[in-house]
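Student:
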Amino acid sequence: MKRTTNRLGLLALTLGLLCSALPSRSQVSSYGDKQTGSEYGNELPAVLKGAAIDQHLNTTLPGVPFVDETGKPVNTADYFGHGKPAVLALVYFKCPMLCSEELDGLVQSLAMVHLDPSKDFNVLVISIDPTDTPAEAAKKKALYTRRYARPGTEAGWHFLTGQQASIDAVTKAVGFGYVKIPSPDGKTTQFAHASAIQLLTPEAKISQYYLGVEYSPKDLMLGLVESSDHKIGSPVANILTYCYHYDPHRNKHSLIVARVVQFGGMITVAGLGGFMFLMFRRDLKLGRDHALTRKDQDHT
């Protein structure tokens with residue numbers, strides 16, 4: 413009975429942790445009444461065909477004007493030419509979906525890299541939304557530098573906003589495709605895009621792409637070291653994680669990443685629940701058999 417009680421406690425704890433880890437509806441639908449569209453085959457939705465990433469290795473990032481999180485006019489060229497490589501992330505600060513996952517993954521990976529922003533490299537987070545403001549950039553910087561939790565490295569994180577011409581120059585050089593999508597209510601605008609970060613050499617040449625929302629600290633460390641040594645990497649497998657799944661038949665949007673995580677979480681919970689249920693039944697049967705055996709022995 414003690415062993416059965418322990419198993420019950422373990423199941424409750426396991427299910428509680430797994431269920432708390434599953435994305436809730438509010439997390440994937442932060443505004444309006446977003447609904448999930450149905451799948452229509454394996455064809456890539458037309459809206460995402462413009463949201464691809466072409467790997468432009470050895471291409472120089474152009475020097476174009478932006479504004480940093482303090483409201484100060486800057487130029488992308490200001491962050492190069494000083495012997496330090498850079499990590500580039502193209503996101504937008506009002507994004508309710510994948511951009512936060514991308515920046516979370518970047519921060520978690522950099523936290524395990526034995527190099528420091530400002531001292532060893534720079535982090536450039538550039539918004540693709542011309543309506544984003546320095547105030548929104550400042551909030552994002554405060555959030556992610558706090559999560560990074562290395563005091564004294566804040567000067568190496570740069571969250572930039574700018575005009576459409578500057579955004580176009582950067583995204584074209586990087587090969588970062590995105591599509592502007594007005595919401596059905598006409599009140600908000602979002603962007604369909606893929607998730608990736610790029611490394612740049614001290615001369616602002618693109619040296620490596622990392623696709624997705626999770627990045628190996630070991631690979632990122634090696635990439636920064638090689639980028640600082642002016643080495644250009646090789647193309648990586650073009651497996652993209654998109655911010656949107658757009659259903660043209662129903663004019664609905666959904667988040668592929670959240671759906672996959674939710675489905676995987678449900679399978680995990682079901683599998684663990686089934687395994688624990690079978691173990692409980694076995695323990696109960698063994699307990700009954702043991703009790704019957706003791707009664708027989710006592711009568712004897």
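FYI, the numbering for the sequence shown is 413 to 712, going by the numbering used here.
Think of the CB as a built atom: it goes at the ideal place given N, C-alpha and C, for glycine as much as any other residue.
Just so you know, these numbers come straight off a predicted model, no measurement behind them.
In angstroms with no decimal places, state the Cα-to-Cα distance between Ala523 and Tyr560.
Tutor: In the sequence shown, the residue the question calls residue 523 occupies position 111. In the sequence shown, the residue the question calls residue 560 occupies position 148. Answer to the nearest angstrom: the Cα atoms are 6 angstroms apart.
Student: Would you say the segment 471-483 touches the segment 604-624, given that touching needs at least three Cβ pairs under 8 angstroms?
Tutor: yes
Student: Using C-beta distances below 7 angstroms, list every residue in its chain close to Pro594, excluding the 5 sequence neighbours before and after it, in chain order.
Tutor: Numbered from 1 along the sequence shown, position 182 holds the residue referred to as residue 594. Closer than 7 angstroms at the Cβ level, and outside the excluded window around Pro594, lie Thr601.
Student: Cβ atoms of Pro542 and Gln576: under 9 angstroms apart, would you say?
Tutor: Locating residue 576 in the sequence shown gives position 164, where the first residue counts as 1. Locating residue 542 in the sequence shown gives position 130, where the first residue counts as 1. Yes, they are a contact pair.
Student: Cβ atoms of Val499 and Leu555: under 9 angstroms apart, would you say?
Tutor: Here residue 555 is taken as the residue at index 143 of the sequence shown, counted from 1. Here residue 499 is taken as the residue at index 87 of the sequence shown, counted from 1. Against a cut-off of 9 angstroms, the Cβ pair of Val499 and Leu555 comes out as no contact.
Student: Evaluate Leu632 with the Cβ neighbour count: other Cβ atoms within 10 Å of its Cβ, from every protein chain shown; 16 or more gives buried, anything less gives exposed.
Tutor: To locate residue 632, count along the sequence shown from 1; it is residue 220. By the neighbour-count rule (16 or more Cβ atoms within 10 Å), Leu632 is buried.
Student: For the beta strand (DSSP E) containing Ile609, name the first residue and the last one.
Tutor: Here residue 609 refers to the residue found at position 197 of the sequence shown. Per DSSP, Ile609 belongs to the beta strand (DSSP E) from 608-612.
Student: Just to confirm the assignment, what range does the beta strand (DSSP E) spanning Gln575 have?
Tutor: Taking the first residue of the sequence shown as position 1, residue 575 is located at position 163. Segment: none, Gln575 is in no beta strand (DSSP E) and carries neither H nor E.
Student: Residues in the same chain with beta-carbon distance under 6 angstroms from Gly686, minus the five sequence neighbours each way, listed in chain order, please.
Tutor: Taking the first residue of the sequence shown as 1, we reach residue 686 at position 274. Taken in chain order, the list of residues that qualify is empty.
Student: If you run the structure through DSSP and keep just helix, strand and coil, what is Val503?
Tutor: Numbered from 1 along the sequence shown, position 91 holds the residue referred to as residue 503. Assigned with DSSP and collapsed to three states, Val503 falls in strand.
Student: Jot down the residue ranges of each uninterrupted beta strand (DSSP E) in the segment 486-546, minimum 3 residues, whole runs only, in chain order.
Tutor: 498-503, 534-539
Student: Which class does Ala616 belong to by DSSP, given the choice of helix, strand or coil?
Tutor: By 1-based counting over the sequence shown, the position of residue 616 is 204. Correct three-state label for Ala616: coil.
Student: Within its chain, find whatever has a CB closer than 8 angstroms to the CB of Gly517; leave out the 5 residues flanking it on each side and keep chain order.
Tutor: Taking the sequence shown and counting its residues from 1, the one referred to as residue 517 is at position 105. Excluding residues within five positions, the ones whose Cβ falls inside 8 angstroms are Gly624, Val625, Glu626, Tyr627.
Student: Grouping DSSP H, G and I as helix and E and B as strand, with all else coil, what is Ala604?
Tutor: Locating residue 604 in the sequence shown gives position 192, where the first residue counts as 1. In the three-state DSSP reduction, Ala604 falls in the strand class (E or B).
Student: So, helix, strand or coil for Tyr560, using DSSP?
Tutor: For this step, residue 560 is matched to residue 148 along the sequence shown. Helix at Tyr560.
Student: Just list the residues that DSSP pairs Thr472 with in beta bridges.
Tutor: Translated into positions along the sequence shown, residue 472 becomes position 60. Here Thr472 is bridged, per DSSP, to Lys617.
Student: Answer with buried or exposed for Ser646, where buried requires no fewer than 16 other C-beta atoms within 10 angstroms of its C-beta.
Tutor: Here the question's residue 646 lines up with position 234 in the sequence shown. Residue environment analysis places Ser646 among the exposed positions, since fewer than 16 neighbouring C-beta atoms fall within 10 angstroms of its C-beta.
Student: If you draw a straight line from the alpha carbon of Leu696 to that of Leu690, how long is it in whole angstroms?
Tutor: Here residue 696 refers to the residue found at position 284 when the sequence shown is read from its first residue. Here residue 690 refers to the residue found at position 278 when the sequence shown is read from its first residue. For Leu696 and Leu690, the distance between alpha carbons rounds to 10 angstroms.
Student: For the alpha helix (DSSP H) containing Pro629, name the first residue and the last one.
Tutor: Here the question's residue 629 lines up with position 217 in the sequence shown. Unbroken alpha helix (DSSP H) run through Pro629: 629-640.
Student: Look at the alpha carbon of Asp368 and the alpha carbon of Leu634, and state the distance between them as a whole number of angstroms.
Tutor: Any answer about residue 368 is impossible in this case: the structure gives the chain only from 413 up to 712.
Student: To which residues of the same chain is Gly574 closer than 8 angstroms at the C-beta, ignoring the five residues directly before and after it?
Tutor: Taking the sequence shown and counting its residues from 1, the one referred to as residue 574 is at position 162. Answer for Gly574: Val476, Pro477, Phe478, Val479, Ile538, Ser539, Pro542, listed in chain order.
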